[in-house]
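**Q**
Protein chains: 2
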Amino acid sequence: MKLVQIYQCLCDETRLRLLHLLLQGPLCVCHFQAVLNEPQVKISKHLGYLKTRGLVTASRQGNWMIYALPAGRERMPELEANLACLQDCVAGNAVFKRDLARLRKLDLACAPIEAVRGTGRGCC
Amino acid sequence: MKLVQIYQCLCDETRLRLLHLLLQGPLCVCHFQAVLNEPQVKISKHLGYLKTRGLVTASRQGNWMIYALPAGRERMPELEANLACLQDCVAGNAVFKRDLARLRKLDLACAPIEAVRGTGRGCC
DNA sequence: GAGTTATATTCCCCTGGAGGAATGTAGTTG
DNA sequence: CAACTACATTCCTCCAGGGGAATATAACTC
Chain F
95 MKLVQIYQCL CDETRLRLLH LLLQGPLCVC HFQAVLNEPQ VKISKHLGYL KTRGLVTASR
155 QGNWMIYALP AGRERMPELE ANLACLQDCV AGNAVFKRDL ARLRKLDLAC APIEAVRGTG
215 RGCC
Chain Z
95 MKLVQIYQCL CDETRLRLLH LLLQGPLCVC HFQAVLNEPQ VKISKHLGYL KTRGLVTASR
155 QGNWMIYALP AGRERMPELE ANLACLQDCV AGNAVFKRDL ARLRKLDLAC APIEAVRGTG
215 RGCC
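Chains F and Z, in that order, are what the protein sequence lines are.
Each number in this note's numbering comes from the position in the first sequence (counting from 1) with 94 added on.
Each number in this note's numbering comes from the position in the second sequence (counting from 1) with 94 added on.
Put into C-alpha cells, the structure is as follows:
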C-alpha cells in the first residue's frame, strides 16, 4: 500500500464521507445510503473502490454487507495517520457534521450494528 | 480551499515529492529538476497545478522562479495538517529520503537559495 | 539586437475514473 | 419454488488530467 494510493482514495468527496463514517465503527451499505442520500450504485462503487485498495474490509452478514476499516491498521501507519488527520480536518465541516448527526439518528431509529450481527435482522 | 482539493493535489507522486521538498524551504525549478530527475515539462506542469490550486506560491527572481509553500498557511489548517502528516508518513520512505539527500548535496554544490535571491546568479 | 538560460504553455494522445441506467447475484422469506 | 431485499456489476458516456514533443516567453548576457 503506497502512500499515493491512500491519497487517491481520499481525493473524492463521497469516499471521504464514507471513510469518515467508518471511523465511528462498522456499517452496512444501507447506513451509507441513508446518511449520504446518494444513489445505491454510487455508494456501492465507491465502497468497491476502497475495498479493492485495501482501505476497507467487507463481510457478509445474511443479506447485509458490513464494511469496516481494516483490523490491525496500526500496521499501516500511513493510513492510520491520514484517517486521524481527516477526522481533525473535518471537525468543523458542515457536510461531515451533518453526516455524523444523521448516523446517530439512524442508530436510534434502526437496530444498531450489533443487532444486525446478532440476529441478521433489523438493519435499515 | 476544500479538503478534497488538497487530497487531489496530493494524489500524484511527483507532486508529493515537490511538496515534500518545499517543506525544507523555498526552491527554484532547477532544484526540483535536479533532485527529482524528471523532464522539465513534467516538473513545470505539476508546479503549475499546485500553484493554480493555491498550494504553492511562485515569485520570479531574475531568470528563476522561486516556489514556496504559502506564507501564513497557519490559516489553512487542513493544508498545514496534511503537510505535517505527509512529512511523518514519508520519513522512512526511500524515494523521499533520497530526494532530501540530493537536495542537501545541491545546497552544497550550488549556491543556496539565499544567494539566488541576493545576487540573481549561481543557482543550479 | 542576437544568443542563451530558465521556465511556461500548447498541442497531442491516452488512461483512469466518476456518474447513471439497467441488469445480475446472493441471501432471505413465505 | 417464487418473490423480495440488499448489494454488486456491467455497460455506457464524459471529462480531468498525466506524459511528452515542440514551441513560446521572459529575463539576462554580450
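Cβ atoms here follow ideal geometry from the backbone N, Cα and C, with glycine treated the same way.
Near F:Y143, which residues of its chain fall below 6 Å by C-beta distance, leaving aside the five closest residues on each side in sequence?
**A** Start at 1 with the first residue of the first sequence, and residue 143 of chain F comes out as number 49. The beta carbon of F:Y143 sits closer than 6 Å to no other beta carbon from its chain once the five residues preceding and following it are set aside.
**Q** Using 10 angstroms around the beta-carbon of Z:V135, count the other beta-carbons present and answer buried if the total reaches 16, otherwise exposed.
**A** Here residue 135 of chain Z refers to the residue found at position 41 of the second sequence. Here Z:V135 is exposed. Its C-beta has fewer than 16 other C-beta atoms within 10 Å.
**Q** What's the C-alpha gap between F:P164 and F:A178?
**A** For the purposes of this step, residue 164 of chain F is taken as residue 70 along the first sequence, with counting starting at 1. For the purposes of this step, residue 178 of chain F is taken as residue 84 along the first sequence, with counting starting at 1. Linking F:P164 to F:A178 through their CA atoms gives a straight-line distance of about 14 Å.
**Q** Tell me, please, which residues DSSP counts as bridged to Z:L121.
**A** In the second sequence, counting from the first residue as 1, residue 121 of chain Z sits at position 27. Its beta-bridge partners are Z:Y161.
**Q** DSSP on F:R109, reduced to helix/strand/coil?
**A** Position 15 of the first sequence, counted from the first residue, corresponds to residue 109 of chain F. F:R109: helix per DSSP, three-state reduction.
**Q** In whole angstroms, what is the alpha-carbon distance linking F:C103 and F:R154?
**A** The residue labelled residue 103 of chain F in the question sits at position 9 within the first sequence. The residue labelled residue 154 of chain F in the question sits at position 60 within the first sequence. So the two alpha carbons sit approximately 23 Å from each other.
**Q** Pick helix, strand or coil for Z:R147, following the three-state DSSP scheme.
**A** Along the second sequence, read from residue 1 onward, the residue named residue 147 of chain Z stands at position 53. Coil.
**Q** Which partner residues of Z:Q155 appear in the DSSP bridge assignment?
**A** For this step, residue 155 of chain Z is matched to residue 61 along the second sequence. According to DSSP, Z:Q155 bridges with Z:W158.
**Q** Spell out whether any CB of chain F is found under 9 Å from the CB atom of Z:Y143.
**A** As a working mapping, residue 143 of chain Z is identified with position 49 in the second sequence. Output row for Z:Y143: interface = no.
**Q** Find the residues of chain Z that neighbour F:V150, judging by a C-beta separation of less than 7 Å, and give them in chain order.
**A** Here the question's residue 150 of chain F lines up with position 56 in the first sequence. Those do not exist, as F:V150 stays about 17 Å from chain Z at its closest Cβ, beyond 7 Å.
**Q** Grab me the residues of F:R109's own chain with a C-beta within less than 8 Å of its C-beta, minus the 5 sequence neighbours each way, in chain order.
**A** For the purposes of this step, residue 109 of chain F is taken as the residue at position 15 of the first sequence. Contacts found: C103, H140, Y143 and L144.
**Q** Name the chain Z residues that come within less than 9 Å of F:L110, Cβ to Cβ?
**A** Locating residue 110 of chain F in the first sequence gives position 16, counting from the first residue. What F:L110 touches in chain Z: L97, V98 and Y101.
**Q** Closest Cβ-Cβ distance between Z:A188 and chain F: below 9 Å?
**A** Taking the second sequence and counting its residues from 1, one reaches residue 188 of chain Z at position 94. No, no contact with chain F.
**Q** Would you mind sorting F:L112 into buried or exposed? The rule is 16 or more other CB atoms within 10 Å of its CB.
**A** Residue mapping note: residue 112 of chain F aligns to position 18 of the first sequence, counting from 1. Per the 10 Å Cβ criterion, buried.
**Q** Just the Cα atoms here: how many angstroms apart are F:F126 and F:D182?
**A** Within the first sequence, residue 126 of chain F is the residue found at index 32, counting from 1. Within the first sequence, residue 182 of chain F is the residue found at index 88, counting from 1. Cα to Cα, the separation comes out at about 21 Å.
**Q** Alpha carbon to alpha carbon, how far is Z:E168 from Z:E174? Give it in angstroms, no decimals.
**A** Locating residue 174 of chain Z in the second sequence gives position 80, counting from the first residue. Locating residue 168 of chain Z in the second sequence gives position 74, counting from the first residue. Near 6 Å, if we compare the C-alpha coordinates of Z:E168 and Z:E174.
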